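Worksheet: the structure to be examined is printed underneath.
Residue numbers (the working numbering): 4 to 479.
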């Protein structure tokens, strides 16, 4: 495994030396990762926590790391000596991967000695921002398709790691397979793929290319039919080869369309395949697809069974950054929590202070999620009586919930530098996501004009935040 301890911004290490020089490097602090509202964010799917935990547990400056830092001529020898023995000894509290999350919710919290917590910022944001972004995009694409989406984006990803961990995130968000062989091996997930147009073009004729492929892959024959003319050449030639296969006791998988009017071509191809007796042959479509084009194709009656989605998934083309931030929530003196807040003239940038928990409220009658409730750590929610919720800014907007249950969506991953959360397979993570997604009304997850899911603060947290805003708003 690569040592990624230096996967950070320089100012994390310079601030570390500042804390070290001030004798504050061992003071305990807590930082939250959360993201702010964005007009394209209706909901997000948490991912990247596994890699965040791995980074923390493998935090160590190797000899050559120390030598490199020494070569910068900005760090003292006693500080470098301290870094050489540094290990993560703190806690990581986070949501589960595959959890549906919303703006302002602390989806990951680090509580650790200040220098450890500060050094972790950049790497943790890298893992969580990227994978949450791609898992969220995948979830929306898979919802539009109704399943059967394969991740085909490696060649368009912004680098190898983006392709590898983007594939991982896409699987959490609902994809059933990936074209990425390395990711398939690394994460034990299904890989899929057939041929490129170059295969067909490399033979004297299209039908010879199809026959050669069927000969090489008799049990997995899916033919790309749009190299020359889909309906006049591609599909008829595929049917000829399929009949030859059947005569030998074999059955084809189907065909793939990669260009043209996918709605029209798929409907016509379906008729041709059915007339020829290949009703079970699937039609796979690919080619710059996303949730909107897939929805449009389905509305047009396209006869597409599976979808290969590449560029717009692996790059999250319409929103290429999640914008998650890492903010100080509290420091601790003699074990006592001292909440911290960041103020701003922009309301959305004012942080929620202190250690927190996030409870998801479910309606007992329907089993559906009602709202999320951010509370001060240790607060309990009494489900035996009605609970009044109010908008954290527009406080006159209120609702009362009754007959409900709650679940703390955050859990401990690392305690005292030791891992306590077990690892999960991508199959398990996807199953978890699917189960939680089903507990949200469609009005919250639809693509167009979704209802805004309520994320409210408890009176205790709201009161703390308001008091601190008034106190520090006058100047420190």
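Every residue, glycine too, gets a C-beta built ideally from N, C-alpha and C.
All values derive from a computational prediction rather than experimental measurement.
query: At what residues does the alpha helix (DSSP H) containing residue 273 begin and finish?
result: The residue you call residue 273 lines up with position 270 of the chain shown. Residues 265 to 278.
- prompt: Hey, how far is the Cα of residue 325 from the Cα of residue 130?
  reply: Position 322 of the chain shown, counting from 1, holds the residue named residue 325. Position 127 of the chain shown, counting from 1, holds the residue named residue 130. In a straight line, the C-alpha of residue 325 is about 11 angstroms away from that of residue 130.
- request: Give, in chain order, every unbroken run of the alpha helix (DSSP H) that is at least 4 residues long and sits entirely within the region 380 to 459.
  value: Fully enclosed alpha helix (DSSP H) runs of 4 or longer: 429 to 440, 445 to 448.
Residue 233 - DSSP class collapsed to helix/strand/coil: As a working mapping, residue 233 is identified with position 230 in the chain shown. It is helical.
Euclidean distance between Cα positions of residue 340 and residue 359: The residue labelled residue 340 in the question sits at position 337 within the chain shown. The residue labelled residue 359 in the question sits at position 356 within the chain shown. For residue 340 and residue 359, the distance between alpha carbons rounds to 12 angstroms.
field: residue 342 (DSSP reduced to helix, strand or coil)
entry: Start at 1 with the first residue of the chain shown, and residue 342 comes out as number 339. Strand at residue 342.
task: State whether the region 147 to 155 contacts the region 300 to 319, with contact taken as three or more CB pairs (one from each stretch) at a distance under 8 angstroms.
output: yes
task: Mind checking which residues open and close the alpha helix (DSSP H) that includes residue 169?
output: As a working mapping, residue 169 is identified with position 166 in the chain shown. Where residue 169 is concerned, the enclosing alpha helix (DSSP H) stretches over 163 to 175.
- prompt: In three-state terms, what does DSSP make of residue 190?
  reply: By one-based count along the chain shown, residue 190 stands at place 187. In this structure, residue 190 counts as helix in the three-state DSSP scheme.
task: Take residue 68 as the anchor and find which of 273, 23, 9 has the nearest alpha-carbon.
output: By one-based count along the chain shown, residue 68 stands at place 65. The residue with the shortest Cα to Cα distance from residue 68 is 9.
The region 101 to 114 / the region 45 to 56 touching (three or more Cβ pairs under 8 angstroms): yes
- prompt: Does the region 310 to 325 come within contact of the region 284 to 300, defined as at least 3 CB pairs closer than 8 angstroms?
  reply: yes
- request: Specify whether the region 462 to 476 and the region 347 to 359 touch according to this definition: at least 3 beta carbon pairs, one from each stretch, less than 8 angstroms apart.
  value: yes
- request: Could you pull out every residue in the same chain whose Cβ sits closer than 6 angstroms to the Cβ of residue 336, ignoring the five residues on either side in sequence?
  value: Sequence index remark: in the chain shown, residue 336 carries index 333 (1-based). Closer than 6 angstroms at Cβ, skipping near neighbours: no residue.
- prompt: Taking the C-alpha atoms as reference points, what is the distance between residue 113 and residue 13?
  reply: Numbered from 1 along the chain shown, position 110 holds the residue referred to as residue 113. Numbered from 1 along the chain shown, position 10 holds the residue referred to as residue 13. Distance between the alpha carbons of residue 113 and residue 13 is about 20 angstroms.
- prompt: In terms of residues, what are the limits of the beta strand (DSSP E) holding residue 113?
  reply: In the chain shown, the residue the question calls residue 113 occupies position 110. Boundaries of the beta strand (DSSP E) around residue 113: 111 to 116.
- prompt: Given a threshold of 16 other Cβ atoms within 10 Å of its Cβ, counted over all protein chains shown, does residue 411 qualify as buried or as exposed?
  reply: In the chain shown, residue 411 corresponds to position 408, counting from 1. Residue 411 comes out exposed.
message: Whether or not the region 447 to 457 and the region 361 to 381 are in contact is what I'm after, with contact meaning three or more pairs of Cβ atoms, one per stretch, closer than 8 angstroms; do they touch?
response: yes
- prompt: Under a three-way DSSP split, which group does residue 309 fall into?
  reply: For the purposes of this step, residue 309 is taken as the residue at position 306 of the chain shown. If DSSP states are grouped into helix, strand and coil, residue 309 belongs with the strands.
- prompt: Looking only at its own chain, which residues have a Cβ that is under 6 angstroms from the Cβ of residue 280, when we skip the five neighbours before and after it?
  reply: In the chain shown, counting from the first residue as 1, residue 280 sits at position 277. Contacts found: none.
field: Minimum length 4: unbroken alpha helix (DSSP H) runs contained in the region 207 to 264
entry: 209 to 219, 238 to 250
query: Is it right to say residue 400 is buried, meaning 16 or more other beta carbons lie within 10 angstroms of its own, or is it exposed?
result: For the purposes of this step, residue 400 is taken as residue 397 along the chain shown, with counting starting at 1. Residue 400 should be labelled exposed.
- prompt: Quick one: what's got a C-beta closer than 8 angstroms to residue 209's C-beta in the same chain, skipping five residues either side?
  reply: For this step, residue 209 is matched to residue 206 along the chain shown. Answer for residue 209: 203, 230, 231, 236, 237, 240, listed in chain order.
message: On the criterion of 16 or more Cβ atoms from any shown chain inside 10 Å, does residue 143 qualify as buried, or is it exposed?
response: What you label residue 143 is simply residue 140 of the chain shown in a count that begins at 1. Buried, since its Cβ has 16 or more Cβ neighbours within 10 Å.
- request: Note down the Cα distance separating residue 267 from residue 152, rounded to an integer number of angstroms.
  value: Taking the chain shown and counting its residues from 1, the one referred to as residue 267 is at position 264. Taking the chain shown and counting its residues from 1, the one referred to as residue 152 is at position 149. Residue 267 and residue 152: Cα-Cα distance of roughly 20 angstroms.
Backbone CA spacing between residue 32 and residue 192 [nearest angstrom]: Position 29 of the chain shown, counted from the start, is the residue given in the question as residue 32. Position 189 of the chain shown, counted from the start, is the residue given in the question as residue 192. So the alpha carbons of these two residues sit roughly 38 angstroms apart.
task: Could you tell me which of 81, 65, 227, 122 sits nearest to residue 482, measuring between CA atoms?
output: For the chain, the structure presents residues 4 to 479; residue 482 sits outside this window and is missing.
query: So residue 145 is in the alpha helix (DSSP H); what residue range does that whole segment cover?
result: As a working mapping, residue 145 is identified with position 142 in the chain shown. Per DSSP, residue 145 belongs to the alpha helix (DSSP H) from 124 to 148.
message: For a quick check, are the C-beta atoms of residue 187 and residue 233 less than 8 angstroms apart?
response: Working through the chain shown from its first residue, we reach residue 187 at position 184. Working through the chain shown from its first residue, we reach residue 233 at position 230. In this structure, residue 233 does not lie closer than 8 angstroms to residue 187 by Cβ.
message: Given this structure, state the Cα-to-Cα distance separating residue 490 from residue 35, to the nearest angstrom.
response: Only positions 4 to 479 of the chain appear in the structure, and residue 490 is not among them; the question remains open.
query: When the Cα atoms are used, what is the spatial distance from residue 161 to residue 133?
result: Taking the first residue of the chain shown as position 1, residue 161 is located at position 158. Taking the first residue of the chain shown as position 1, residue 133 is located at position 130. Counting only the Cα atoms, residue 133 lies some 11 angstroms from residue 161.
task: Give a yes or no on whether the C-beta atoms belonging to residue 265 and residue 317 are separated by under 8 angstroms.
output: The count along the chain shown starts at 1 and reaches residue 265 at position 262. The count along the chain shown starts at 1 and reaches residue 317 at position 314. Against a cut-off of 8 angstroms, the Cβ pair of residue 317 and residue 265 comes out as no contact.
Local conformation of residue 47 per DSSP, three classes: Counted from its first residue, the chain shown places residue 47 at position 44. If DSSP states are grouped into helix, strand and coil, residue 47 belongs with the strands.
- prompt: Tell me which same chain residues have a C-beta within less than 8 angstroms of the C-beta of residue 128, skipping the five on either side of it?
  reply: As a working mapping, residue 128 is identified with position 125 in the chain shown. Around residue 128: 36, 327, 328, 329.
field: Beta-ladder partner(s) of residue 79, from DSSP
entry: As a first step, residue 79 must be located in the chain shown, where it is residue number 76. DSSP output for residue 79 lists no bridge partner at all.
field: Paired residues, beta bridge with residue 180 - DSSP
entry: Within the chain shown, numbered from 1, the residue matching residue 180 stands at position 177. Residue 180 is bridged to 153.
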